[in-house]
Structures are given as C-alpha cells and as structure tokens.
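Reviewing the structure listed below.
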Amino acid sequence: MSVTMRRLSRAAIAGLVAAAALTAAAHSAEAADTLGSAAAGQGRYFGTAVAANHLGEADYAATLDREFSSVTPENEMKWDATEPSRGTFTFGSADRIVDHAQTQGMDVRGHTLVWHSQLPSWVSSLGASDLRTAMNDHINGLMGHYKGEIHSWDVVNEAFQDGGSGARRSSPFQDKLGNGFIEEAFRTARAADPAAKLCYNDYNTDGVNAKSNAVYAMVKDFKSRGVPIDCVGFQSHFNSNSPVPSDYRQNLQRFADLGVDVQITELDIEGSGSAQAADYAEVVEACLAVSRCTGMTVWGVTDKYSWRSGGTPLLFDGDYNEKPAYGAVLSALGGSGDPGDPGDPGDPGDGTLSCTATYTRTADWGSGYNGQVTITAGGEPISSWTATVTLPAQQSVSALWNGTPTWSGNVMTVRPSWNGTLAAGASTGFGFTVAKNGSDAAPAVGTCTAS
Ligand code: G3I
1315 MSVTMRRLSR AAIAGLVAAA ALTAAAHSAE AADTLGSAAA GQGRYFGTAV
1365 AANHLGEADY AATLDREFSS VTPENEMKWD ATEPSRGTFT FGSADRIVDH
1415 AQTQGMDVRG HTLVWHSQLP SWVSSLGASD LRTAMNDHIN GLMGHYKGEI
1465 HSWDVVNEAF QDGGSGARRS SPFQDKLGNG FIEEAFRTAR AADPAAKLCY
1515 NDYNTDGVNA KSNAVYAMVK DFKSRGVPID CVGFQSHFNS NSPVPSDYRQ
1565 NLQRFADLGV DVQITELDIE GSGSAQAADY AEVVEACLAV SRCTGMTVWG
1615 VTDKYSWRSG GTPLLFDGDY NEKPAYGAVL SALGGSGDPG DPGDPGDPGD
1665 GTLSCTATYT RTADWGSGYN GQVTITAGGE PISSWTATVT LPAQQSVSAL
1715 WNGTPTWSGN VMTVRPSWNG TLAAGASTGF GFTVAKNGSD AAPAVGTCTA
1765 S
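Taken in order, the sequence shown gives residues 1315 to 1765; the numbers are from the working numbering.
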C-alpha cells in the first residue's frame, strides 16, 4: 500500500471512531483483571511483541486482545521486511498488526528503523554517500507510512558493543558513516513524524555497566546539544547468565534523570514457577518506581512462539494458561483479584455469559479481501452470540459464511447460522468477502454479546 493510501485508510478508520471507542470501552470494562487495564491504572501501557502470522489463531488473538494495551511487531517493521529492495516498500504484514491493534484500541510501538541485523544485503553493499541517503529514505518511508499511528519508534537499535569497552558496534552504518549516523537518524526521524517518541533501544544495558555507561554518555550528549531523543528502551532479556540486575531501578532512574522517558521494551525472563514470578515482579516494580518509565512490553504472548525456542520465558504457557509470572505481574501492577478466582467477573464459574470478537484479514487480492471474525465464549457455555462489524463507507460485502447478517447502513450485525452453541472458552467464527471500492481500511469489530 502506498503512503498516500495508508493516510486515506487512516482517515477512513477515523470515521469509525465511535465503533472503535465501543471496542475499547468493552476492552477495559471487561478487563478489571488484565495486564493492560491494571497498567493503565498506574498510568503505563503493558504491551507485547506480536507476529502477524499468529493473528489468525483464535487463542493467540483472544489472549492478545484481552490482556495487552500496546503491541510491537516482532519482525514485520524491520528493514528486510519493509524495504527488501531499494525504494520498494512492503507493508502488508506490518499493516495487519497495526490494523488489528487499532480495531482493539491498542497502541503500537515501532521496531526498528536502523539496525545492523535483518538488514538486506543491498544496504550493506552501498558506499557511504548512498548509504546515508538510503538510511534517511528508509526512515522517511516507514515513518511516513505510519505517521501519527506509532506511539514510540526504536530509531536506532543495538549500536553498542557488548563487553567492557563501551565502543560502538561494527555495522555498515558505523563503519561507513561513523558515530554521527545515530544523531542523523534521530534528526531525520523527528522531521518524519514529530508526534512519535524517538527511542534508542539496546540489550545488556539494563544495569549500570560499561555498555549502559556508553549509552548514557550518548544520551547526555544528545540532550545537551538538542539532538531529538525522547526515550531509551531497555530490552530486558534475562536468564540465569544475565539475571535481573540488582541496580535495575537505579539504572532506569539515572537515564530518566537525563530528561528522557524509559521503557522496558522486550522483556522475557527464562525460568518457571515462583522464581520466574519473583523476577517479573521485580522488573514491574522497578518500572513503577520510576515516574518516567512509561510502559513495559513482553517479547511475545506465549512460550510456544518465543524467539528463545525451547525456553519458557513469557507470561502464558503454550496452551495460553496464565503462569505464576502472570499473577505476579498483575499483582505488582495493582490488578484486582486472582484472575483464576471464580468470584471475579469474567472468570470461569461467575455465571456471566460473555464472548469476545476478534478480526483478521485472511486474504487480500488488491481489489478485495476476505475477513474472518473469531468468536470466543468467556468462562461460561453460551447458546448464541451477536457481533457487529462496521465497514468503511466505500466497501461492500459480497459474501458471508458461517453467520447470519442483518444490515443498518454500513453496520453489519451477525448472529450464528449453525454455530451458536459454544463451550466455555471455545471458539467459532464467520467469514466474509469485501469489495474495497478504493478503501483498504480495516472494518471495526464492536462488542460481542452472548446469551
Ligand atoms: O520468516 C522466515 C521463514 O520464512 C523461514 O522459513 C524461517 C527459517 O529460518 O525463518 C523465518 O524468519 C525468522 C524470523 O525470526 C521470523 O520468524 C528468522 O529466521 C529469525 O532469525 C527471526 O528471528 C527474530 C530475531 O529478532 C532476528 O534477529 C526473532 O523472531 C525476534 O524475536 C528477534 O527479536 C530481537 C529484536 O528484534 C531485537 N532485540 C533482540 C530480539 C531477540 O533476538
């Protein structure tokens, strides 16, 4: 989709604000016990990394939509995914995540603009002058496409070496453009989307050490010279060789004291049970203790899709069950009640009939697309459900299956055809074919009601 097209789409989506607000309200009303709502009570976001190819999995989408208030595309906004050949931008997978987040009222973190990894070979082979142009073009292309839609961008990622030297990491940018590439990237980024917070993001900078001291010196220098930087991301990938540092909070605070926000951007902690839970609680408490720590993102929804293959570093296990770490995070965020307690609204056994509706675009052929809405029953069995889908004004539905629609203007209300009865937690869904008629915007899915 072109930049212009995406802006048109955004305008179309803006016309659906009422429907989106309904979704967001439902999100928070039913979410007294979720990570996102508990974090919001502390003035923070609680996000997760998301992979576009899992959005069609009902349990993945249901857990994501229920628990999180911000998403970071795990790979879909990286250079190899978005500009695989020079000047040709491909946004399909990233757009799917952004559209999904917007229909659910979630914010989006952008990751990442300038990074030595997942970099197409055409970039590495450029000479200095061409590379500078390509870097700035890439920043402008991505940030222009998502202008106004990203709360924070990781402008530069992992530019410092591990170890005691505090030196810059060798990369095409460092080696050909020198130290100044980071400053140039931030200046270009500010002009491209003045509303986005601009972050430097790195790992092994979570405690006070030579690497974090080097980043600290850079941020201090940027602030003193007016180089536009708003935030520092602390990835926070922890395991037994790299545990949560004892001076984690102190390190976040010293960066905040420079006049930047701090964010925990890729949190995962290897382990299990109460030890893992205690480590997670420590991280959350550190963020809450630093007023400029504006939010936390865990690096994935479920252990089964973690980049640490074979590891169990996240809050939900492979079957989307809440782990002890989940309860510890929720509790540290001041969340109310035990989410597994039958006495809590929305939890199994409370007698409340409920359902959630999540939308995914399952196919796209340019002039049209197929949409799928997954309906998932809450903690009680249900015998029927109703979901609303609001289409952008230009679009028209040419076919619908596994549901019975009624229409009011461009709002489609769908009830079951044969698939009304669902066990607690079970899913079904309906699909539909849409003619775009010039608008590529995503439909907005409203509240699901159950009986
Ligand atoms: O999509 C291809 C697939 O087509 C192919 O068949 C398959 C075969 O290997 O590879 C798939 O791509 C993989 C991609 O993840 C999507 O799953 C890449 O090989 C794999 O290298 C890539 O790993 C990502 C990694 O960054 C790359 O550096 C992880 O998912 C992602 O979690 C990880 O995230 C990074 C942050 O961006 C920066 N900080 C560290 C963090 C963890 O490494």
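C-beta: ideal position from N, C-alpha, C; glycine also.
Since we're looking at a predicted model, the values are computed, not measured.
| query | Where are the beta strand (DSSP E) runs, 3 residues long or more, that stay fully inside the segment 1428-1491, in chain order? | reply | 1466-1471
| task | Drop a sphere of 10 angstroms on the beta-carbon of Asp1571, count the other beta-carbons inside from all chains shown, and report buried for 16 or more, exposed for fewer. | result | On the sequence shown, position 257 is the one that residue 1571 refers to. Burial call: exposed.
| If we ignore side chains and look at the alpha-carbon of each, how far apart do Thr1348 and Ser1399 end up? | On the sequence shown, position 34 is the one that residue 1348 refers to. On the sequence shown, position 85 is the one that residue 1399 refers to. Approximately 41 Å between the Cα atoms of the pair.
| task | Quick one: using the 10 Å Cβ neighbour count with 16 as the cut-off for buried, is Pro1656 buried or exposed? | result | For this step, residue 1656 is matched to residue 342 along the sequence shown. Unreliable positioning characterises Pro1656 in this predicted model, as indicated by a pLDDT of 42, which lies under 50. The coordinate reading is nonetheless provided below. Exposed: under 16 other Cβ atoms inside 10 Å.
| task | Buried or exposed for Thr1337, please, with buried defined as at least 16 other CB atoms from any protein chain shown within 10 angstroms of its CB. | result | Looking up residue 1337 in the sequence shown gives position 23. Confidence in Thr1337 is poor, its pLDDT being 40 and thus under 50, which makes the residue's placement too unreliable to answer from.
| field | With 16 other Cβ atoms within 10 Å as the buried cut-off, status of Asn1553 | value | Taking the first residue of the sequence shown as position 1, residue 1553 is located at position 239. Exposed is the call here.
| request: Taking all protein chains shown into account, decide if Thr1718 is buried (16 or more other Cβ within 10 angstroms of its Cβ) or exposed. | output: Numbered from 1 along the sequence shown, position 404 holds the residue referred to as residue 1718. Per the 10 Å Cβ criterion, exposed.
| message | Using a strict less-than 7 Å threshold between each residue's beta carbon and the heavy atoms of the ligand G3I, what residues do you get? | response | Ala1363, Ala1365, Glu1388, Asn1389, Lys1392, His1425, Thr1426, Ser1431, Gln1432, Asn1471, Glu1472, Tyr1517, Gln1549, His1551, Glu1580, Trp1613 and Trp1621
| request: Name, in chain order, the residues that DSSP records as bridge partners for Pro1719. | output: The residue given as residue 1719 occupies position 405 in the sequence shown. According to DSSP, Pro1719 bridges with Val1728.
| C-beta contact flag for Thr1735 and Ile1696 at 9 Å | As a working note, residue 1735 is residue 421 in the sequence shown. As a working note, residue 1696 is residue 382 in the sequence shown. Taking 9 Å as the Cβ cut-off, Thr1735 and Ile1696 qualify as a contacting pair.
| In whole angstroms, what separates the C-alpha of Val1541 from that of Leu1512? | Working through the sequence shown from its first residue, we reach residue 1541 at position 227. Working through the sequence shown from its first residue, we reach residue 1512 at position 198. Answer to the nearest angstrom: the Cα atoms are 11 Å apart.
| Cα-Cα separation, Arg1675 to Ala1375 | To locate residue 1675, count along the sequence shown from 1; it is residue 361. To locate residue 1375, count along the sequence shown from 1; it is residue 61. Roughly 13 Å between the two C-alpha positions.
| query | Rounded to a whole number of angstroms, what is the C-alpha to C-alpha distance between Ile1578 and Met1391? | reply | Position 264 of the sequence shown, counted from the first residue, corresponds to residue 1578. Position 77 of the sequence shown, counted from the first residue, corresponds to residue 1391. About 19 Å.
| message | Could you pull the DSSP bridge partners for Met1610 from this structure? | response | Taking the sequence shown and counting its residues from 1, one reaches residue 1610 at position 296. According to DSSP, Met1610 bridges with Phe1360 and Ile1578.
| So, using beta-carbon positions, are Gly1361 and Arg1423 closer together than 9 Å? | For the purposes of this step, residue 1361 is taken as residue 47 along the sequence shown, with counting starting at 1. For the purposes of this step, residue 1423 is taken as residue 109 along the sequence shown, with counting starting at 1. Their beta carbons are under 9 Å apart, which means Gly1361 touches Arg1423 by this criterion.
| Whole-number beta carbon distance between Thr1763 and Trp1699, since they are thought to touch under 8 Å | Working through the sequence shown from its first residue, we reach residue 1699 at position 385. Working through the sequence shown from its first residue, we reach residue 1763 at position 449. That pair is a contact at about 7 Å.
| Distance between Tyr1562 and Ala1499 (C-alpha atoms, nearest Å) | Mapped onto the sequence shown, residue 1499 falls at position 185. Mapped onto the sequence shown, residue 1562 falls at position 248. Each residue's alpha carbon lies about 28 Å from the other.
| said: Please classify Ala1353 as buried or exposed, where buried requires at least 16 other C-beta atoms within 10 Å of its C-beta. | reply: Here residue 1353 refers to the residue found at position 39 when the sequence shown is read from its first residue. Under this definition Ala1353 is a buried residue.
| task | With DSSP as the reference, label Lys1534 as helix, strand or coil. | result | Mapped onto the sequence shown, residue 1534 falls at position 220. Lys1534: helix per DSSP, three-state reduction.
| query | Applying the criterion that 16 or more other CB atoms from any shown protein chain within 10 Å of the CB defines a buried residue, is Ser1620 buried or exposed? | reply | Walking along the sequence shown from the start, residue 1620 turns up at place 306. By the neighbour-count rule (16 or more Cβ atoms within 10 Å), Ser1620 is buried.
| field | Same chain only: Cβ atoms within 8 Å of Ile1453, ignoring 5 sequence neighbours per side | value | The residue given as residue 1453 occupies position 139 in the sequence shown. If we look at Ile1453 and ignore the five residues flanking it on each side, its Cβ neighbours are Leu1427, Val1428, Val1469, Ala1499, Thr1502, Ala1503 and Ala1506.
| How would you call Asp1520, buried or exposed, if buried means at least 16 neighbouring beta carbons within 10 angstroms? | The count along the sequence shown starts at 1 and reaches residue 1520 at position 206. The residue in question, Asp1520, is buried, as its Cβ has 16 or more Cβ neighbours within 10 Å.
| query | Residues in its own chain within less than 8 Å of Lys1525 by CB, not counting five upstream and five downstream? | reply | In the sequence shown, the residue the question calls residue 1525 occupies position 211. Same-chain partners within the cutoff: Phe1474, Gln1475, Asp1476, Gly1477, Gly1480, Asp1516, Asn1518 and Thr1519.
| What residues are listed by DSSP as bridge partners for Gly1494? | Locating residue 1494 in the sequence shown gives position 180, where the first residue counts as 1. DSSP, once it has assigned bridges, lists no residue as partnering Gly1494.
| task | Take Ala1595 as the anchor and find which of His1551, Leu1647, Arg1606 and Gly1609 has the nearest alpha-carbon. | result | As a first step, residue 1595 is located in the sequence shown; it is residue number 281 there, counting from the start. The shortest Cα separation from Ala1595 among His1551, Leu1647, Arg1606 and Gly1609 belongs to Leu1647.
| C-alpha gap between Leu1581 and Val1615, whole angstroms | The residue given as residue 1581 occupies position 267 in the sequence shown. The residue given as residue 1615 occupies position 301 in the sequence shown. Rounded to the nearest angstrom, the two C-alpha atoms are 11 Å apart.
| request: Assign Gly1441 to one of two classes, buried (16 or more other C-beta atoms within 10 Å of its C-beta) or exposed (fewer than that). | output: For the purposes of this step, residue 1441 is identified with residue 127 of the sequence shown, where counting begins at 1. Gly1441 comes out exposed.
| request: Can you have a look at Asn1367 and say buried or exposed, based on whether 16 or more other CB atoms are within 10 angstroms of its CB? | output: Against the sequence shown, residue 1367 aligns to sequence position 53. Result: exposed.
| request: Compare the Cα-Cα distances from Val1597 to each of Ser1550, Trp1613, Gly1632 and Pro1706 and report the closest residue. | output: If you number the sequence shown from 1, residue 1597 lands on position 283. Checked all of Ser1550, Trp1613, Gly1632 and Pro1706; the closest Cα to Val1597 is Ser1550.
| field | Residue interval of the beta strand (DSSP E) (run including Pro1387) | value | The sequence position of residue 1387 within the sequence shown is 73, counting from 1. Start and end: Ser1384 to Pro1387.
| field | Rounded C-alpha distance that separates Asn1733 from Thr1704 | value | Your numbering for residue 1733 matches position 419 in the sequence shown. Your numbering for residue 1704 matches position 390 in the sequence shown. Going by the C-alpha atoms only, they are around 22 Å apart.
| task | On a CA-only basis, which of Met1726, Gly1723, Phe1744 and Val1711 is nearest Asn1751? Give me that one, please. | result | Position 437 of the sequence shown, counting from 1, holds the residue named residue 1751. The residue with the shortest Cα to Cα distance from Asn1751 is Val1711.
| Spatially closest choice to Ala1677 from Leu1378, Asp1379 and Gly1406, by CA coordinates | Sequence index remark: in the sequence shown, residue 1677 carries index 363 (1-based). Of the candidates Leu1378, Asp1379 and Gly1406, the one whose C-alpha sits nearest the C-alpha of Ala1677 is Gly1406.
| said: When you compare the CB positions of Ala1642 and Ala1591, do they come within less than 9 Å of one another, or not? | reply: For the purposes of this step, residue 1642 is taken as residue 328 along the sequence shown, with counting starting at 1. For the purposes of this step, residue 1591 is taken as residue 277 along the sequence shown, with counting starting at 1. Yes.
| task | Measure the C-alpha to C-alpha separation of Lys1637 and Leu1628 and round it to an integer number of angstroms. | result | For the purposes of this step, residue 1637 is taken as residue 323 along the sequence shown, with counting starting at 1. For the purposes of this step, residue 1628 is taken as residue 314 along the sequence shown, with counting starting at 1. About 8 Å.
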